[in-house]
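Here's the structure, in structure tokens; my notes come after.
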Amino acid sequence: MRSRIDACLEGKGGETAQRGRAAELGQAYLSLSPAGRKKFLLTLAQDYGLTREAAMAVVERWRGSKEPPRALARALEPPAVRLLRAFVGVPQGVKFVVDLRAELMALGKTDASARMLSEDLRSLLGAWFDVGFLDLVRIDWRASAALLEKLVAYEAVHTIRSWRDLKNRLDSDRRCFAFFHPRMPDEPLIFVEVALVDGMAGNVQRLLDARAETSDARHANTAIFYSINNCQQGLTGISFGNFLIKRVAEQLVRDLPNIKDFATLSPIPGLRHHLDARLKNEGDSVLTAAESASLLPVTDEAKGAVAVRKLLDRPLWWEVPAINKALRPILMRLAARYLTSSDERGRALDRVAHFHLGNGAIVERLNWLGDTSANGFRQSYAVMVNYRYKLSEVDANHEAYANGRLVASREVRALAKG
């Protein structure tokens with residue numbers, strides 16, 4: 228394999244010959260066993276990277292020349308990246324590099340050179356996958372079976388359980404949009420699922436109920452983004468989601484002028500872990516005196532924080548009206564506080580909140596028992612949140628968040644204060 232790599236890097240015979248050698252190298256790599264692939268990638272990362280000594284030598288040579296700065300940039304490109312750049316002109320070559328980076332990322336957890344090459348490839352792929360090169364495509368039930376199967380496989384937020392479930396998500400009162408790259412026409416990069424409804428949706432089970440009657444999209448006033456899924460592991464670190472939401476909103480405004488509001492129905496994946504840690508480590512100081520008192524009718528536990536933890540550990544606690552009533556104001560206040568708090572860098576504590584607030588949305592509303600699936604309770608004790616995108620304020624909200632201010636509605640701010 229080393230001789231094949233060297234032959235590709237020599238570049239003899241012109242561009243056509245170089246592409247042919249790259250294609251042969253790619254086929255040889257794909258035929259390797261997992262152990263063989265690992266050896267190849269480590270060889271590429273360790274022996275065809277750019278050492279500090281080599282970089283310093285290049286800079287010294289450039290200082291004594293009259294070549295423009297871009298010549299220095301080309302000379303400083305690691306041979307491994309130069310090799311993989313040749314795949315852009317090979318059929319399936321772009322997908323090959325994307326998948327190869329996914330394998331490098333896994334190796335990078337234990338090998339520094341693989342991690343460095345993965346980062347170099349991220350820069351290369353970031354240029355190849357600039358949003359200006361991407362096509363926004365609406366996917367409906369008439370799409371190919373192969374593409375529909377990929378939607379099922381890539382859906383990571385709310386599992387698609389059947390073909391009926393998928394068909395419901397692609398019905399006339401639903402929309403699904405994806406970004407595609409011209410060199411990967413059969414592979415979605417990221418897709419978003421949208422429900423066209425009247426008013427703000429607050430429960431994902433009702434939203435996805437395949438038995439519910441299909442509504443007329445022309446009478447809807449709100450677009451709810453309820454699932455956003457990245458499809459290519461090798462493109463991790465390259466952001467598409469913010470552009471996707473804005474492009475879809477613009478498309479919906481053109482197609483359906485009756486749509487006036489744009490919001491998400493989003494999970495809060497870090498909430499349960501955060502609340503459990505606070506209740507355990509901070510004890511009763513997490514609760515107000517009134518909240519602790521409100522628990523007395525439903526528990527014989529004197530300590531409020533311990534009582535909350537025990538009640539939440541009880542199977543089907545939400546189906547017991549008295550417990551539901553006692554826990555709701557406590558969890559909703561703590562959830563609002565969590566979503567309006569930031570870390571030392573000024574970023575939202577929750578990764579989904581960080582994504583949407585960074586895109587210019589605001590924390591609009593919390594939803595009690597918004598996701599009553601097992602995953603919903605596992606992530607956030609079933610609480611969900613609406614992030615609202617007011618198109619005229621997106622840029623201002625983005626700037627506010629960039630300056631360390633988390634923007635939330637009056638309702639959420641009041642809830643957080645208690």
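My numbering puts the first residue of the sequence shown at 228, with every later residue one more than the last.
Positions of the beta carbon are idealized from the N, C-alpha and C atoms, including for glycine.
Just so we're clear, the structure is a prediction, and the values are computed from it rather than from any experiment.
Write down the C-beta distance between residue i and residue j rounded to the nearest angstrom, noting that I regard them as a contact closer than 8 Å.
{"i": "valine 560", "j": "alanine 643", "result": "First, the residue type needs correcting, since residue 560 is arginine and not valine in the sequence shown. Between alanine 643 and arginine 560 the Cβ distance is about 7 Å, and since that is below 8 Å, they are a contact."}
{"i": "isoleucine 451", "j": "alanine 490", "result": "6 Å"}
{"i": "isoleucine 417", "j": "alanine 405", "result": "7 Å"}
{"i": "isoleucine 557", "j": "glutamate 518", "result": "5 Å"}
Less than 9 Å separating the beta-carbons of residue i and residue j?
{"i": "glycine 631", "j": "methionine 611", "result": "no"}
{"i": "glycine 461", "j": "leucine 344", "result": "no"}
{"i": "leucine 492", "j": "tyrosine 453", "result": "yes"}
{"i": "aspartate 443", "j": "aspartate 400", "result": "yes"}
{"i": "alanine 588", "j": "arginine 615", "result": "yes"}
{"i": "alanine 563", "j": "serine 569", "result": "no"}
{"i": "tryptophan 545", "j": "threonine 599", "result": "yes"}
{"i": "leucine 352", "j": "aspartate 413", "result": "no"}
{"i": "aspartate 347", "j": "valine 321", "result": "no"}
{"i": "tryptophan 355", "j": "lysine 394", "result": "no"}
{"i": "valine 419", "j": "valine 475", "result": "yes"}
{"i": "leucine 334", "j": "lysine 265", "result": "yes"}
{"i": "tyrosine 256", "j": "proline 306", "result": "no"}
{"i": "valine 286", "j": "leucine 259", "result": "no"}
{"i": "leucine 566", "j": "alanine 635", "result": "yes"}
{"i": "glutamine 245", "j": "alanine 313", "result": "yes"}
{"i": "alanine 516", "j": "threonine 526", "result": "no"}
{"i": "threonine 449", "j": "isoleucine 486", "result": "yes"}
{"i": "glycine 316", "j": "glutamate 237", "result": "no"}
{"i": "threonine 270", "j": "methionine 228", "result": "yes"}
Restricting to Cα atoms, I'd like to know which of the options is closest to residue i.
{"i": "aspartate 357", "options": "Ser636, His625 and Leu471", "result": "Leu471"}
{"i": "histidine 583", "options": "Glu626, Leu558 and Glu571", "result": "Glu626"}
{"i": "valine 384", "options": "Ala354, Cys458 and Ala437", "result": "Cys458"}
{"i": "arginine 555", "options": "Gly510, Ala609 and Leu566", "result": "Ala609"}
{"i": "aspartate 392", "options": "Ala629, Leu502 and Ala437", "result": "Ala437"}
{"i": "phenylalanine 467", "options": "Ala272, Tyr256 and Gly585", "result": "Gly585"}
{"i": "glutamate 251", "options": "Tyr275, Ala520, Pro409 and Leu310", "result": "Leu310"}
{"i": "alanine 629", "options": "Arg605, Arg572, Gly645 and Pro496", "result": "Arg572"}
{"i": "glycine 603", "options": "Glu237, His446 and His500", "result": "His500"}
{"i": "leucine 378", "options": "Pro415, Gln245, Val513 and Thr449", "result": "Pro415"}
{"i": "methionine 411", "options": "Phe323, Ala532, Glu294 and Val535", "result": "Phe323"}
{"i": "asparagine 456", "options": "Asn613, Lys473 and Ala380", "result": "Ala380"}
{"i": "arginine 301", "options": "Ala282, Leu423, Asp482 and Lys552", "result": "Ala282"}
{"i": "alanine 272", "options": "Leu363, Ile557, Asp338 and Leu633", "result": "Asp338"}
{"i": "glutamine 432", "options": "Ala623, Trp289 and Ala601", "result": "Ala601"}
Could you pull the start and end residues of the beta strand (DSSP E) that residue i belongs to?
{"i": "phenylalanine 181", "result": "The chain is shown only over 228 to 645; residue 181 falls outside these bounds and no answer can be derived."}
{"i": "tyrosine 614", "result": "611-616"}
{"i": "valine 547", "result": "Looking at the DSSP string, valine 547 is not in any beta strand (DSSP E), and its letter there is neither H nor E."}
{"i": "glutamate 382", "result": "That residue, glutamate 382, is in no beta strand (DSSP E); it is neither H nor E in DSSP."}
Can you pull the DSSP bridge partners for residue i?
{"i": "histidine 408", "result": "Met411"}
{"i": "serine 569", "result": "Ala575"}
{"i": "leucine 423", "result": "Ala450"}
{"i": "cysteine 403", "result": "Glu420"}
{"i": "valine 364", "result": "Ala405"}
{"i": "isoleucine 455", "result": "Val419"}
{"i": "asparagine 594", "result": "Met611"}
{"i": "isoleucine 589", "result": "Arg615"}
{"i": "alanine 635", "result": "Val590"}
By the DSSP assignment, the alpha helix (DSSP H) with residue i in it spans what residues?
{"i": "isoleucine 472", "result": "468-482"}
{"i": "aspartate 326", "result": "320-334"}
{"i": "aspartate 347", "result": "339-355"}
{"i": "asparagine 602", "result": "601-607"}
{"i": "isoleucine 232", "result": "229-237"}
{"i": "asparagine 508", "result": "498-509"}
{"i": "phenylalanine 267", "result": "261-274"}
{"i": "arginine 438", "result": "That residue, arginine 438, is in no alpha helix (DSSP H); it is neither H nor E in DSSP."}
{"i": "asparagine 395", "result": "390-396"}
{"i": "lysine 537", "result": "531-540"}
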